[in-house]
Amino acid sequence: MSSILRHILLVFMVFFAIGTSVEAKTIQGGTVKVGVMLPLHDINGDGRRMVEYYRGVLMACDSLRHLGVSVDVKAWNVPEDADIRKTLKDKDASSCNLIIGPLYSSQVKPLADFAKNNDIKLLIPFSINTAEVDRNSNLFQVYQSPDEFNNLVISQFIERFKGHHVIFIDCNDTTSRKGPFTFGLRRKLEQLGRTYSITNVKSSEEYFSKAFSRTLPNVVVLNTGRSPELNLAFAKLDNLTMNNTTLKIKMFGYTEWMMYTKHAIDHFYKYEAFIPGAYHYNPLSSRTSRFQLKYRWNFHADMIQALPRFAITGFDQAFYFIRGLYLYGDKFTGAAGTVGYTPIQTPLRFEKTASEGGYKNKSILFIHYLPGHRVETIHF
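Anchor point for the sequence shown: position 136 equals 135 in numbering that gives the first Met the number 0, and the numbering is continuous, going up by one each time.
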């Protein structure tokens, strides 16, 4: 085991529990044996991010121990150029109930076969989209491809904004990659016989105004996620609402908008912005604040400034799966409502891909900014 892993485990001898909303199980369950197979090193960004993720896993294990769940964790450093088949020869690997990994696509097949042959649940935590999940019932894939994510968001958009008039604003961004979403949403609206308008951020005030309904609440969708174009749209809408005070306008955005919160938040509140995502890092949450303090106390460092935060991702995923295995053993499927855990940042809800296949995460959320400077997280 590398020195960095020894240091992490040594620090964890003095861990406090993280506050959760889950009560301890009254019937004693068995020990959940967890293996982590990720690049756990300090050589490059991948390694540093995965070390932080692993620290989050350890924090989850510590919290679960305080709830009466016995956890045994072992970790292996599996860098990009490693032959994971050598790692799998370690005698401790086959005794795991759950393995978390890998990070790299080239390592999926041998690890998936190993998990199937040894009846081990395999959680693939990051952006790998593998065909193995369709034929291996032991696999759990967290990553949602862009098409899958768009389809989930479109489905929830259609339900959420019944009775609204939709306006698509062309922002003239030739670099935009939002076409699959906006065209997909337009097709769905057309299939349902629901009308919508299209306008342009450079349109005259008169032409721009005509796109908006005076009788229905409006929801605005841009065809770009970039900040400069978003600011232009805000200016256009500000001018419109100044001259048409009775207009009801909401905005529907993109996950990238989470990065603009600091300078755009007043407009988010003003136009009741909805931001879809697979996670929500909320620095104002008391649970997030407690987590950050405990992380700093134990590891004498702050988390990497990234969205999402890797340590919180590790905590949410590990808590969900370990708690699930403790409660249900081999019958755990990751289905919604089975664990009773409210995530700090990253919700999970798995569905089976095929009769002989594994499970894919189908959870998304909308961050909704409300008048009165309130924010709600809507889980699906």
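We put the CB at the ideal spot given by N, CA and C, even for glycine.
Check, Outcome
"Taking DSSP as the reference, what is the three-state secondary structure of Asp169?", "strand"
"Can you give the beta carbon distance from Gly276 to Ile366, rounded, assuming they're within the 8 Å contact cut?", "7 Å"
"According to DSSP, what are the bridge partners of Tyr53?", "Tyr53 pairs with nothing; no bridge assigned."
"Name the two residues that bound the continuous beta strand (DSSP E) containing Ile363.", "Ile363 -> no beta strand (DSSP E), and no H or E assigned at all."
"Report the option in Met36, Asn222, Lys351 and Ser175 whose CA atom is closest to the CA atom of Phe251.", "Asn222"
"Using the beta-carbon count (16 or more within 10 Å), is Ile99 buried or exposed?", "buried"
"Which word fits Phe331, buried or exposed, when buried means at least 16 other C-beta atoms lie within 10 angstroms of its C-beta?", "buried"
"Give the DSSP-derived three-state secondary structure of Ser196 in the structure shown.", "strand"
"At the level of alpha carbons, what is the spacing between Ala210 and Asp169?", "12 Å"
"Does the region 140-158 touch the region 184-197, meaning 3 or more C-beta pairs lie closer than 8 Å?", "yes"
"What three-state label does DSSP hand His40 in the structure shown?", "coil"
"What is the DSSP secondary structure of Tyr278, reduced to helix, strand or coil?", "coil"
"In the DSSP output, which residue or residues are listed as bridge partners for Asp71?", "Lys32"
"Under three-state DSSP, which class holds Phe15?", "Because the pLDDT of Phe15 is 36, which lies under 50, any placement of that residue in the model is unreliable, and the question is left without a value."
"Determine which residues share a DSSP beta bridge with Leu97 and list them.", "Val33 and Lys120"
"Which residue or residues does DSSP assign as beta-bridge partners of His164?", "Asn217"
"Under 8 Å, with one C-beta from each stretch per pair, do the region 343-361 and the region 123-141 reach the 3-pair mark?", "yes"
"DSSP three-state call for Thr337: helix, strand or coil?", "coil"
"If we count the other Cβ atoms within 10 Å of its Cβ and call it buried at 16 or more, is Arg48 buried or exposed?", "buried"
"Go ahead and label Asn238 buried or exposed: buried means 16 or more other beta carbons lie within 10 angstroms of its beta carbon, across all protein chains shown.", "exposed"
"Give me the Cα-Cα distance between Ser284 and Phe290, rounded to the nearest whole angstrom.", "10 Å"
"State the DSSP-derived secondary structure class of Val21, mapped to helix, strand or coil.", "Low local confidence applies: a pLDDT of 43 at Val21 is under 50, so the model's placement there is unreliable, with the coordinate-based value given in what follows. Coil at Val21, not helix or strand."
"Within this structure, are the beta carbons of Ile321 and Val68 separated by less than 8 Å?", "yes"
"By DSSP's criteria, Ile153 is part of a beta bridge. Which residues make up the other side?", "In the DSSP output, where bridge partners are listed per residue, Ile153 has none listed."
"At which residues does the beta strand (DSSP E) containing Lys90 begin and terminate?", "Element bounds for Lys90: n/a, residue is neither H nor E."
"Thinking Phe379 and Ile343 are a contact (beta carbons under 8 Å), I'd like their distance in whole angstroms, please.", "Rounded, the Cβ-Cβ distance is 18 Å, inconsistent with contact."
"Taking DSSP as the reference, what is the three-state secondary structure of Val374?", "strand"
"Residues in its own chain within less than 8 Å of Leu306 by CB, not counting five upstream and five downstream?", "Met257, Met258, Tyr278 and Tyr280"
"Glu79 by DSSP, collapsed to three states: which one?", "coil"
"Select from Ala74, Leu236, Ser226 and His299 the residue whose C-alpha is nearest the C-alpha of Asn400.", "Nothing about residue 400 can be reported from this structure: the residues present for the chain run from 0 to 379 only."
"If you reduce the DSSP assignment to three classes, tell me which class Phe139 lands in.", "strand"
"Do you know whose CA, among Asn149, Ser126 and Leu151, lies nearest Tyr142's CA?", "Ser126"
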